[in-house]
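**Q** Here it is, the structure, as structure tokens.
Printed below as a string of structure tokens:
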């Protein structure tokens with residue numbers, strides 16, 4: 002019954018979060034002087 006408590010909405014939040022972090026890392030990496 003506990004497995005049914007999993008909410009698919011978590012994956013909808015997790016995916017944009019990962020994309021946002023990757024975008025932030027790329028932005029910071031590109032803004033740093035080489």
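Numbering (the numbering used here), first residue to last: 2 to 35.
For every residue, glycine included, the Cβ atom is placed at its ideal position computed from N, Cα and C.
Here the structure is a predicted model, which means the values were calculated and not measured.
What is the rounded straight-line gap between the Cα of residue 19 and the Cα of residue 12?
**A** Indexing the chain shown from 1 puts residue 19 at position 18. Indexing the chain shown from 1 puts residue 12 at position 11. Their backbone Cα atoms lie some 10 Å apart in a straight line.
**Q** Give the straight-line distance between the Cα atoms of residue 33 and residue 21, rounded to the nearest whole angstrom.
**A** Counting from 1 along the chain shown, the entry for residue 33 is found at position 32. Counting from 1 along the chain shown, the entry for residue 21 is found at position 20. Their backbone Cα atoms lie some 18 Å apart in a straight line.
**Q** Roughly how many whole angstroms lie between the Cα atoms of residue 16 and residue 24?
**A** The residue given as residue 16 occupies position 15 in the chain shown. The residue given as residue 24 occupies position 23 in the chain shown. Computed Cα separation, rounded: 12 Å.
**Q** Among the residues of its own chain, which have a CB less than 7 Å from the CB of residue 10, if the five just before and after it don't count?
**A** Residue 10 sits at position 9 when you count from the first residue of the chain shown. So no residue of the chain qualifies.
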